[in-house]
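Worksheet for the structure shown next.
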Amino acid sequence: MTYKLLKKSEEWRPNEVMFQTEPGAKGSGASEPMYYVPQKPRIVQQLKSETVISGQPVIFVCMVEGNPSPRVQWTVSGLPVSSSPQLGEVVTTTRGSVLRISNALPPLHGTPVVCTAENALGHAEATARLFVYQNEEGMHDNVLY
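Anchor point for the sequence shown: position 57 equals 57 in UniProt numbering, and the numbering is continuous, going up by one each time.
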């Protein structure tokens, strides 16, 4: 039996397990069923809080899974990164998304960074914090556990 994850939204029917056959598909018989298994989004690896010195870049990685593939959105201090490019740059990967803040500044100290994954079945969310210090001494004086 072959399993197939459908990626196109027009092939998606919520709350149904669907199957289809592909006659002549390599390595399978003409009537072999192929199943679509719907899955709500899930954060595979929790976000990690980051500590940097002012002016340094910082990266947050959000690994997700779901079917159909979840759409990932980022917010920094409650503001969507997609509508405020100065907050950071987002790169979509096959397993999730990466947020790169190229110039972390002190006003972002302690701010929440949120990754939200969403598809037709639901959503999942992970939160981390960004800690920005003026220099290394400040980092060591304010060790967070």
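All C-beta atoms, glycine included, are put in the ideal place defined by N, C-alpha and C. None of the values given here were measured: they were computed from a predicted structure.
Item, Value
"First and last residue of the uninterrupted beta strand (DSSP E) at GLN46", "GLN46 -> no beta strand (DSSP E), and no H or E assigned at all."
"Straight-line gap, THR111 to TYR35 (C-alpha atoms, nearest Å)", "43 Å"
"Local conformation of VAL37 per DSSP, three classes", "coil"
"Uninterrupted beta strand (DSSP E) stretches inside the UniProt domain \"Ig-like\" (41-131) (no shorter than 3 residues)", "50-53, 58-67, 71-76, 89-93, 96-101, 111-119"
"DSSP state of TYR133 mapped onto helix, strand, coil", "strand"
"Beta-carbon spacing of LEU130, VAL58 below 8 Å", "yes"
"Beta-carbon proximity list for GLN134, same chain, < 6 Å, skipping 5 on both sides", "SER54"
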